[in-house]
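In what follows, a structure is listed as structure tokens, so that the remarks can point back to it.
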Amino acid sequence: MNRKQILLMGITAVAATSHASTNKEATKKPMNILFIMSDDHSFQTISAYDHRFIETPNIDRIGNDGAVFTNSFVANSISGPSRACMLTGKHSHKNGFIDNAHKFDGSQQTFPKLLQKAGYQTAVVGKWHLTSNPTGFDYWNILIGQGEYYNPHFIDNGVKKQIHGYATNIVTDLAIDWLGEKRDKSKPFCLLLHHKAPHRTWMPDTCDLGAFDDVKFPLPENFYDKYLGRVAASEQEMSIFKDMDIVYDLKMADKENEIHSNTSLEGWGRALYNNLDSAQKAKWDAYYEPIIKDFKARKLSGKELAEWKYQRYMHDYLSVIRSVDRNIGRMLDYLKKEGLLDNTLIVYTSDQGFYMGEHGWFDKRFMYEESFRTPLLMRYPSAARKGTKIPQLVQNIDYAPTFLELAGVKIPQDIQGVSLLPLLKGEKPKNWRKSLYYHFYEYPGEHAVKRHYGVRTERYKLIHFYNDIDKWELYDLKNDPHEMVNLYGTKGVEKITALLKKELVKLQIQYDDPIESLLIKK
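My numbering numbers the first residue of the sequence shown as 7 and each following residue consecutively.
Okay, structure coming up:
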């Protein structure tokens with residue numbers, strides 16, 4: 007071997023050693039976290055779960071390249087409290103934000119603060135809805151309150167600003183701008199990208215108007231539910247027919263001012279239209295004015311009106327989802343272009359589920375499946391297998407410990423959720439939970455859903471409605487997936503009822519919710 011060959015071998019060896027070292031360092035580098043959440047996005051309207059209504063190819067990309075959780079639930083199905091559960095990894099009674107009338111205590115422990123201490127750059131962009139300003143973030147730019155779909159107002163690190171355009175596009179723009187221009191790129195990042203959409207009043211982007219006009223959606227089987235044996239369900243105020251406002255929700259704000267809803271929401275509906283600029287109004291009018299004219303001419307009532315409202319609701323809601331999916335595609339493409347895709351945990355979820363006409367309803371709040379269940383998809387680059395379906399029972403209190411374990415941060419003992427990383431890695435922990443605890447507090451309140459708590463196992467659900475009511479409901483989810491038959495107190499369910507009550511007490515003790523556990527003895 008001549009000197010030239012020996013020298014070449016030496017250079018090759020050094021290069022190989024250097025490459026191996028670089029790969030090792032890259033492996034050790036903390037993983038970034040992108041936590042995408044929409045508001046009121048039903049699992050039924052994500053094609054990774056259900057193909058009946060809409061295709062969502064970009065949201066599906068997250069699950070196709072990672073995992074889809076098929077039994078994902080919330081701890082309290084209402085926006086602010088659900089967000090507090092995610093931030094803290096604790097149930098509502100522990101984080102103190104039990105309903106939207108409360109104020110979130112920003113001084114308490116949250117996963118962004120713990121990640122920040124561990125060297126992460128943290129940011130939140132979009133919907134916040136926790137009444138107090140964000141803490142634990144290097145950058146925050148949030149919508150004020152519920153936020154507006156068009157030309158929304160933001161609080162940019164304490165400074166109020168209005169940004170022209172459509173909210174879903176703007177929030178994505180702000181997130182991409184922070185990733186590209188504002189963050190410290192020497193640190194790993196945790197970005198909370200939280201959309202307003204598809205929250206009520208479902209105002210589509212102008213480019214999505216009419217996207218579903220050629221579709222007539224079939225009514226849910228239980229659209230005309232009579233709520234037999236379910237007192238709390240019969241007393242709610244979230245009926246598409248009775249409570250969905252024709253002007254506020256369904257855009258029938260006619261220029262002649264002839265259409266009236268006889269509720270306080272009508273004025274808000276007309277104000278939402280007035281927030282559009284002249285170009286936006288021109289496109290809006292071109293689409294909605296013929297619908298308004300047709301609606302006036304038809305003079306609908308009874309079932310015809312109920313079913314017309316359902317179709318309008320579905321068309322608007324799904325048109326809004328198109329924008330969410332499109333913008334998630336923009337974000338995924340950006341991460342790929344910047345070489346960030348394979349070192350970032352990407353999460354997509356909603357703050358809770360939503361009713362798409364089931365039981366004749368819109369909105370959420372109840373422990374029934376459509377609002378209790380929430381979509382959850384995760385792209386974890388180190389996962390053993392793409393396109394994984396994860397069937398274990400998981401809850402939104404689990405997100406915080408998942409992010410902390412991923413970052414190598416010790417999970418505080420007072421966090422009540424558990425990390426999902428073992429499930430993402432394909433493991434099947436023997437001691438994984440067999441039941442979930444739920445507690446809803448916002449009554450009296452909007453939509454008049456009674457206070458209740460309950461337990462859900464893989465097959466059964468037991469709910470106790472309390473406060474100004476004392477009613478129990480029991481469902482066999484295998485034989486009655488739509489929760490139409492309350493079995494509580496009927497012959498033959500005594501044993502399962504006793505077991506579920508025992509499990510409920512166990513969970514209330516485990517999660518230290520002792521006040522209501524006293525009521526279980528009734």
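Note that CB positions come from ideal geometry on N, CA and C, so glycine has one too.
Whole-Å CB distance - residue i paired with residue j, under 8 Å assumed
i: Asn38; j: Asn349; result: 6 Å
i: Ser98; j: Ala107; result: No, Ser98 and Ala107 are not in contact; Cβ-Cβ is about 12 Å, not under 8 Å.
i: Ala120; j: Leu410; result: The sequence given here has Leu at residue 120, not Ala. Leu120 to Leu410, Cβ: 6 Å. Contact.
i: Val330; j: Ser78; result: That belief does not hold up - the Cβ atoms of Val330 and Ser78 are roughly 18 Å apart, past 8 Å.
i: Lys507; j: Leu468; result: 7 Å
i: Val240; j: Tyr233; result: Rather than Val, the amino acid found at residue 240 in this sequence is Ser. Sure, about 4 Å apart at Cβ, within 8 Å.
i: Ser83; j: Gln358; result: 4 Å
i: Ile297; j: Asp260; result: Not a contact, Cβ separation roughly 10 Å.
i: Thr51; j: Leu278; result: Not confirmed; about 22 Å, so no contact.
Alpha-carbon spacing of residue i relative to residue j, whole angstroms
i: Glu272; j: Asp220; result: 28 Å
i: Thr137; j: Lys109; result: 5 Å
i: Leu483; j: Tyr466; result: 6 Å
i: Ala413; j: Lys193; result: 12 Å
i: Thr269; j: Tyr494; result: 37 Å
i: Glu376; j: Phe49; result: 8 Å
i: Pro224; j: Leu382; result: 26 Å
i: Arg328; j: Asp214; result: 7 Å
i: Tyr517; j: His201; result: 30 Å
i: Val74; j: Ile169; result: 34 Å
i: Glu364; j: Gln317; result: 13 Å
i: Lys436; j: Val424; result: 14 Å
i: Lys302; j: Lys257; result: 13 Å
i: Tyr459; j: His470; result: 6 Å
i: Leu426; j: Leu311; result: 45 Å
i: Gln419; j: Pro407; result: 10 Å
i: Ile42; j: Lys456; result: 30 Å
DSSP-derived helix/strand/coil call for residue i
i: Phe160; result: strand
i: Ile42; result: strand
i: Arg385; result: strand
i: Arg318; result: helix
i: Val221; result: coil
i: Gln516; result: helix
i: Gly177; result: What sits at residue 177 in the sequence shown is Val, not Gly. Helix at Val177.
i: Arg462; result: strand
i: Leu149; result: strand
i: Thr355; result: strand
i: Ala124; result: coil
i: Val424; result: coil
i: Ile297; result: helix
Nonlocal neighbours in the same chain, by C-beta distance under 7 Å from residue i, ignoring five residues either side
i: Glu295; result: none
i: Tyr145; result: Ala129, Asn163, Trp184 and Lys188
i: His453; result: Gln242, Glu243, Met244, Asp369 and Arg371
i: Gln286; result: Tyr156 and Thr212
i: Glu227; result: His488
i: Pro397; result: Thr76 and Asn77
i: Gly216; result: Tyr293
Residues near residue i by beta carbon distance below 8 Å, same chain, minus five either side
i: Asn8; result: Note on Asn8: pLDDT 41, under 50, position unreliable in the model; the coordinate value appears next. So no residue of the chain qualifies.
i: Pro520; result: Gln514
i: Val499; result: Leu480 and Leu493
Closest residue to residue i among the options (Cα-Cα distance)
i: Trp367; options: Ile176, Lys315 and Ala406; result: Lys315
i: Trp274; options: Trp290, Asp255 and Glu262; result: Asp255
i: Leu282; options: Ser267, Glu154, Val353 and Ala203; result: Glu154
i: Ile60; options: His47, Asp71, Ile68 and Leu185; result: His47
i: His445; options: Lys96, Phe229, Asp322 and Phe160; result: Lys96
i: Phe5; options: Phe360, Met384 and Val326; result: Coverage of the chain is limited to positions 7 through 528, which leaves residue 5 absent and any answer about it impossible.
i: Asp190; options: Gly125, Ala217 and Ser441; result: Gly125
i: Trp290; options: Arg276, Ile68 and Thr51; result: Arg276
i: Val400; options: Ala389, Met384, Val415 and Ile104; result: Met384
i: Leu180; options: Met337, Ser307 and Lys287; result: Met337
i: Asp249; options: Ala238, Ser267, Met258 and Lys257; result: Ser267
i: Gly451; options: Arg236, Leu429, Pro204 and Asp105; result: Asp105
i: Ile246; options: Lys456, Gly216, Thr207 and Val237; result: Thr207
i: Lys305; options: Gly345, Asp339, Tyr319 and Glu264; result: Glu264
i: Gly432; options: Pro387, Val237, Lys416 and Pro210; result: Pro387
Residue i Cβ short of 7 Å to the ligand SAM heavy atom set
i: Asn77; result: As presented, the structure is devoid of all ligands, the ligand SAM included, so that no description of it is given.
Neighbourhood of residue i by C-beta, 6 Å cutoff - its chain only, sequence neighbours within 5 removed
i: Asn70; result: Gly393
i: Leu40; result: Leu197, Thr350 and Ile352
i: Glu489; result: Tyr374 and Tyr481
i: Ser53; result: Glu61, Thr62 and Asp66
i: Lys167; result: Phe160
i: His321; result: Phe218
i: Arg462; result: Leu442
i: Thr116; result: Leu93, Thr94 and Gly142
i: Val80; result: Ser88, Gln358, Thr380 and Asn402
i: Asp111; result: Gly102
i: Glu509; result: Ser441 and Val461
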